[in-house]
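Inspection log for the structure reproduced underneath, given as structure tokens.
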Amino acid sequence: EDKVVQSPLSLVVHEGDTVTLNCSYEVTNFRSLLWYKQEKKAPTFLFMLTSSGIEKKSGRLSSILDKKELSSILNITATQTGDSAIYLCAVEATDSWGKLQFGAGTQVVVTP
Amino acid sequence: NAGVMQNPRHLVRRRGQEARLRCSPMKGHSHVYWYRQLPEEGLKFMVYLQKENIIDESGMPKERFSAEFPKEGPSILRIQQVVRGDSAAYFCASSSYNSPLHFGNGTRLTVT
Numbered sequence: 456e457d458k459v460v461q462s463p464l465s466l467v468v469h470e471g472d473t474v475t476l477n478c479s480y481e482v483t484n485f486r487s488l489l490w491y492k493q494e495k496k497a498p499t500f501l502f503m504l505t506s507s508g509i510e511k512k513s514g515r516l517s518s519i520l521d522k523k524e525l526s527s528i529l530n531i532t533a534t535q536t537g538d539s540a541i542y543l544c545a546v547e548a549t550d551s552w553g554k555l556q557f558g559a560g561t562q563v564v565v566t567p
Numbered sequence: 280n281a282g283v284m285q286n287p288r289h290l291v292r293r294r295g296q297e298a299r300l301r302c303s304p305m306k307g308h309s310h311v312y313w314y315r316q317l318p319e320e321g322l323k324f325m326v327y328l329q330k331e332n333i334i335d336e337s338g339m340p341k342e343r344f345s346a347e348f349p350k351e352g353p354s355i356l357r358i359q360q361v362v363r364g365d366s367a368a369y370f371c372a373s374s375s376y377n378s379p380l381h382f383g384n385g386t387r388l389t390v391t
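Protein sequences, first through last, are from chains A and B.
Heads up: the first sequence at position 37 corresponds to 492 in my numbering, and the numbers run straight through without jumps.
Heads up: the second sequence at position 52 corresponds to 331 in my numbering, and the numbers run straight through without jumps.
This is how it looks when you write it as structure tokens:
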């Protein structure tokens with residue numbers, strides 16, 4: 456059965472710190488890994504990764520996929536209080552388009 | 280900004296009543312997905328639809344739940360004879376071909 460495990464489950468950091476979130480997965484016929492940010496409402500799309508070793512960046516956020524290790528990391532540098540959220544990792548298989556298997560998420564709290 | 284629109288935002292039903300949740304996909308998106316988020320749990324896939332077709336309903340409970348995406352109008356997730364265990368946040372997502380899912384703000388269903 457497909458599985459996505461995120462770590463840590465939660466963490467508290469001070470503004471300005473760097474955060475690294477982990478996601479490991481087991482999926483048959485891997486197609487893509489996606490990161491979402493969920494505040495109180497909709498999960499907001501961050502990154503979609505399909506190729507190993509290619510870093511995707513958006514401002515202070517970046518992510519990379521390691522297909523050999525079946526894992527991905529999401530980095531947030533110079534954290535701000537607005538980064539406080541639950542960060543969700545999900546994987547998609549080639550024969551299950553749109554059927555994402557989500558991890559439980561990592562809750563990040565950034566204190567001023 | 281025509282994102283994924285869901286309504287109502289909050290819905291309260293008594294046990295045994297019916298709940299109807301509506302979702303209008305982003306402009307240009309023809310694929311609609313429903314996910315459920317139970318308290319303290321991750322997002323779980325329920326169903327994937329295209330116009331007038333159910334593509335994958337493997338995550339949908341066999342009884343009381345149904346979904347449709349008619350030629351005209353929004354997608355509807357219908358829950359008949361609701362029970363307390365149906366209380367959850369129901370998220371709709373949409374995508375176009377080969378693009379990541381974009382989620383709506385969800386409908387929070389409370390069954391009393």
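C-beta: ideal position from N, C-alpha, C; glycine also.
Can you confirm whether B/N384, when its beta carbon is compared against all beta carbons of chain A, has any partner nearer than 8 Å? Counting from one through the second sequence, the residue named residue 384 of chain B turns up at place 105. So yes, B/N384 belongs to the interface.
Within the same chain, show all residues whose beta-carbon is closer than 7 Å to that of B/I334, passing over the 5 residues directly before and after it, in chain order. The residue labelled residue 334 of chain B in the question sits at position 55 within the second sequence. Taken in chain order, the residues that qualify are Y327, L328.
Could you tell me if B/A367 is buried or exposed, where buried requires 16 or more neighbouring beta carbons within 10 angstroms of its beta carbon? Position 88 of the second sequence, counting from 1, holds the residue named residue 367 of chain B. Result: buried.
Leaving out five residues on either side along the sequence, give the residues of the same chain with a beta carbon under 6 Å from the beta carbon of B/Q359. Translated into positions along the second sequence, residue 359 of chain B becomes position 80. For B/Q359, where only same-chain residues beyond five positions count, the Cβ hits under 6 Å are E297, R343.
Is B/D335 helix, strand or coil by DSSP? As a first step, residue 335 of chain B must be located in the second sequence, where it is residue number 56. Three-state result, B/D335: strand.
Validate contact between the region 496–504 of chain A and the region 378–388 of chain B using beta carbons, cut 8 Å, 3 pairs: yes
So is B/D365 buried or exposed if we call it buried at 16+ other beta carbons inside 10 Å? Against the second sequence, residue 365 of chain B aligns to sequence position 86. Buried, because 16 or more other Cβ atoms sit within 10 Å of the Cβ of B/D365.
Counting only beta-carbon separations shorter than 8 Å, does A/L464 have a partner in chain B? Walking along the first sequence from the start, residue 464 of chain A turns up at place 9. No, because no Cβ of chain B sits closer than 8 Å to the Cβ of A/L464.
Between A/Q562, A/T566, A/W552, A/F557, which has its C-alpha nearest B/H310's C-alpha? Taking the first residue of the second sequence as 1, we reach residue 310 of chain B at position 31. Measuring from the Cα of B/H310, the nearest candidate turns out to be A/W552.
A/A548 and A/Y491: beta carbons closer than 8 Å? Here residue 548 of chain A refers to the residue found at position 93 when the first sequence is read from its first residue. Here residue 491 of chain A refers to the residue found at position 36 when the first sequence is read from its first residue. No. Outside cutoff.
Quick one: which residues of the region 291–323 of chain B get their C-beta closer than 7 Å to a C-beta of chain A? List them in chain order. H310, Y312, G321, L322
Exposure label - B/Q285; buried when at least 16 CB within 10 Å: The residue given as residue 285 of chain B occupies position 6 in the second sequence. By the neighbour-count rule (16 or more Cβ atoms within 10 Å), B/Q285 is buried.
In whole angstroms, what separates the C-alpha of B/S303 from that of B/G385? As a position in the second sequence, residue 303 of chain B is number 24, starting the count at 1. As a position in the second sequence, residue 385 of chain B is number 106, starting the count at 1. When rounded, the distance between both Cα atoms is 12 Å.
If distances are taken between C-alpha atoms only, which option among A/A533, A/T534, A/K458 comes closest to A/Y480? Position 25 of the first sequence, counted from the start, is the residue given in the question as residue 480 of chain A. Of A/A533, A/T534, A/K458, the residue nearest in Cα terms is A/K458.
Cutoff 6 Å; reference A/S462; Cβ partners in own chain excluding five residues on either side: The residue given as residue 462 of chain A occupies position 7 in the first sequence. N477, listed in sequence order.
What is the rounded straight-line gap between the Cα of A/S526 and the Cα of A/S506? One-based indexing of the first sequence puts residue 526 of chain A at position 71. One-based indexing of the first sequence puts residue 506 of chain A at position 51. Between A/S526 and A/S506, the C-alpha separation is close to 12 Å.
Applying the 10 Å Cβ sphere with the 16-neighbour rule, what's the burial state of A/K554? Within the first sequence, the letter at position 99 stands for residue 554 of chain A. With 16 or more Cβ atoms within 10 Å of its Cβ, A/K554 is classed as buried.
Return helix, strand or coil for A/T534, following the three-state DSSP convention. Against the first sequence, residue 534 of chain A aligns to sequence position 79. Coil.
Residues near A/K511 in its chain [Cβ-Cβ closer than 6 Å; skip 5 each side]: Within the first sequence, residue 511 of chain A is the residue found at index 56, counting from 1. Around A/K511: F502, S518.
Can you check the region 292–359 of chain B for any beta strand (DSSP E) of at least 3 residues that lies completely inside it and give the ranges in chain order? 298–303, 310–316, 322–329, 332–335, 344–347, 354–358
Can you tell me which of the three DSSP states B/D365 falls into? Position 86 of the second sequence, counted from the first residue, corresponds to residue 365 of chain B. Correct three-state label for B/D365: helix.
Taking the C-alpha atoms as reference points, what is the distance between B/A372 and A/E470? Here residue 372 of chain B refers to the residue found at position 93 of the second sequence. Here residue 470 of chain A refers to the residue found at position 15 of the first sequence. About 32 Å.
Any beta carbon from chain A within less than 8 Å of B/S374's own beta carbon? The sequence position of residue 374 of chain B within the second sequence is 95, counting from 1. Yes - at least one Cβ of chain A is within 8 Å of the one on B/S374.
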